[in-house]
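Below is one structure, written out as C-alpha cells; comments come after it.
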Amino acid sequence: AQSVTQLGSHVSVSEGALVLLRCNYSSSVPPYLFWYVQYPNQGLQLLLKYTSAATLVKGINGFEAEFKKSETSFHLTKPSAHMSDAAEYFCAVSLAGGTSYGKLTFGQGTILTVHP
Amino acid sequence: DGGITQSPKYLFRKEGQNVTLSCEQNLNHDAMYWYRQDPGQGLRLIYYSQIVNDFQKGDIAEGYSVSREKKESFPLTVTSAQKNPTAFYLCASSIRENTEAFFGQGTRLTVV
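Just so you know, the sequences run in chain order A and B.
Under our numbering, residues 1 to 116 are what the first sequence spells out, in order.
Under our numbering, residues 1 to 112 are what the second sequence spells out, in order.
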C-alpha cells in the first residue's frame, strides 16, 4: 500500500522568502507524484506532476519539486513567496498497476501562510 | 468550457435522510472519483470508477453509494447509514490511471 506524509501541517513565511513544503512517500513500486493547491471552499488545482521523466519538475506559478528516490521525497519549493501563494497544499501519490490501479492517495495537507 | 460540475455547492440534510450529490464532466474522461475532505485529514477516497457500469470501493465507502450509468456522470448518495456525513465532498476525473485528476469545486454537506 502507498502512503504520503506531509511534514508540517502549517508553514509560515514572509513575502519574498523561500517556500519549502515537505512530502515523503512510501511505495513498493515506482510512484507517480503530484502536488495540488486548494484555496478556501474550492476544488484542487494541479501544480505539477512527476511521472518518471526528469527528476526536477517545474510547475505553474513558479513552483518546482524534485523527486529523490533515495530519500523517498518530493518536496515542493518556490524561491520567492507571494501573498497569493497562501493556500493549502496537498501531495499525492499514485502507483502503477496492482490493486492501487488509478487511485490517488493524498497527504494530510499543509497550510501555507504568507506574511507581508 | 470543459470541466467538472458539482451541484449543489451547499447542501443541508436532516438526520436520517438520504441525499445525492451530483457530479458531471464533459472532459471525456474514463475515470471518476469521489473524495471526502475533513479538516486536518486530507482527502479520503470514497468510491472510484474506471469505466461505465463499474465502480470500486475506496477507503471509506461505508454509508455511501454510487452509480456510473453514463460516462459523464458519477452521482454520490450519502445514506442515513453514514454516521458523520458533514464534510466537504470533491468529485474528480482523469483520462486514465496514473494521470492527474481534475477536480470540481466541491459540495459542502451539513447535517442539521
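Ideal placement from N, C-alpha and C gives every residue a C-beta, glycine not left out.
1. Would you identify the three-state DSSP class for A:G98, choosing helix, strand or coil?
2. Which residues in the same chain have their Cβ closer than 8 Å to the Cβ of B:I60, if we skip the five residues on either side of it in sequence?
3. Quick check on the burial criterion: 16 or more other C-beta atoms within 10 angstroms. Buried or exposed for A:D85?
4. DSSP state of A:S12, grouped into three classes?
5. Can you give me the C-alpha to C-alpha distance between A:K58 and A:G8, rounded to a whole angstrom?
6. By DSSP, does B:D54 sit in helix, in strand, or in coil?
7. My understanding is that B:I51 touches B:D30, with C-beta atoms under 8 Å, so please give their C-beta distance in whole angstroms.
8. Classify A:F67 as buried or exposed, calling it buried when 16 or more other Cβ atoms lie within 10 Å of its own Cβ.
9. For the region 87-110 of chain B, list every residue whose C-beta sits within 9 Å of some C-beta in chain A, in sequence order.
10. May I ask you to report which of helix, strand or coil DSSP gives B:S80?
11. For B:S7, count neighbouring C-beta atoms within 10 Å of its own C-beta (all shown protein chains included) and say buried if the count is 16 or more, exposed if not.
12. Relative to the C-alpha of B:Y33, which candidate in B:G16, B:G63 and B:S67 has its C-alpha closest?
13. Got a sec: is the Cβ-Cβ distance from B:L43 to anything in chain A below 7 Å?
14. How big is the Cα-Cα spacing for B:G2 and A:Q45?
15. When the Cα atoms are used, what is the spatial distance from B:L21 to A:S14?
16. Beta-carbon within less than 6 Å of A:S73's beta-carbon, same chain only, minus the 5 sequence neighbours each way: which residues are those?
17. Where do the N-terminal and C-terminal ends of the beta strand (DSSP E) with A:A17 fall, by residue?
18. Residues of chain A with CB closer than 7 Å to the CB of B:G40, please, in chain order.
19. Taking the alpha carbon of A:L76 as the reference point, which residue from A:N61, A:M83 and A:S70 has its own alpha carbon closest?
Let me spell this out:
1. Residue 98 of chain A sits at position 98 when you count from the first residue of the first sequence. Residue confidence is low: A:G98 scores 49 on pLDDT, short of 50, so the model does not pin down where it sits. Its coordinate-derived value is still stated next. The answer is helix: DSSP assigns A:G98 an H, G or I state.
2. As a position in the second sequence, residue 60 of chain B is number 60, starting the count at 1. Excluding residues within five positions, the ones whose Cβ falls inside 8 Å are R36, R44, L45 and I46.
3. Here the question's residue 85 of chain A lines up with position 85 in the first sequence. When all chains shown are included, A:D85 counts as buried.
4. Residue mapping note: residue 12 of chain A aligns to position 12 of the first sequence, counting from 1. Residue state, collapsed to three classes: strand.
5. As a first step, residue 58 of chain A is located in the first sequence; it is residue number 58 there, counting from the start. As a first step, residue 8 of chain A is located in the first sequence; it is residue number 8 there, counting from the start. Computed Cα separation, rounded: 22 Å.
6. Residue mapping note: residue 54 of chain B aligns to position 54 of the second sequence, counting from 1. Reduced to three states, the DSSP call for B:D54 is strand.
7. Here residue 51 of chain B is taken as the residue at index 51 of the second sequence, counted from 1. Here residue 30 of chain B is taken as the residue at index 30 of the second sequence, counted from 1. Indeed they touch by this definition, with Cβ atoms about 6 Å apart.
8. In the first sequence, the residue the question calls residue 67 of chain A occupies position 67. It is buried - the Cβ of A:F67 has at least 16 other Cβ atoms within 10 Å.
9. F88, L90, C91, A92, S94, R96, E97, N98, T99, E100, A101, F102, F103, G104, Q105, G106 and R108
10. Taking the first residue of the second sequence as 1, we reach residue 80 of chain B at position 80. Residue state, collapsed to three classes: coil.
11. Position 7 of the second sequence, counting from 1, holds the residue named residue 7 of chain B. Exposed, since its Cβ has fewer than 16 Cβ neighbours within 10 Å.
12. To locate residue 33 of chain B, count along the second sequence from 1; it is residue 33. Comparing Cα positions, the closest option is B:S67.
13. The residue you call residue 43 of chain B lines up with position 43 of the second sequence. Closer than 7 Å to some Cβ of chain A, the Cβ of B:L43 qualifies, so yes.
14. For the purposes of this step, residue 2 of chain B is taken as the residue at position 2 of the second sequence. For the purposes of this step, residue 45 of chain A is taken as the residue at position 45 of the first sequence. For B:G2 and A:Q45, the distance between alpha carbons rounds to 15 Å.
15. Taking the second sequence and counting its residues from 1, the one referred to as residue 21 of chain B is at position 21. Taking the first sequence and counting its residues from 1, the one referred to as residue 14 of chain A is at position 14. Roughly 40 Å separates the two Cα atoms.
16. Along the first sequence, one-based indexing puts residue 73 of chain A at 73. Here the set comprises N24.
17. Counted from its first residue, the first sequence places residue 17 of chain A at position 17. Counting along the chain, A:A17 falls outside any beta strand (DSSP E), and DSSP gives it neither H nor E.
18. Taking the first residue of the second sequence as position 1, residue 40 of chain B is located at position 40. Neighbours of B:G40 on chain A, chain order: S9 and Q108.
19. On the first sequence, position 76 is the one that residue 76 of chain A refers to. The option with the nearest alpha carbon to A:L76 is A:N61.
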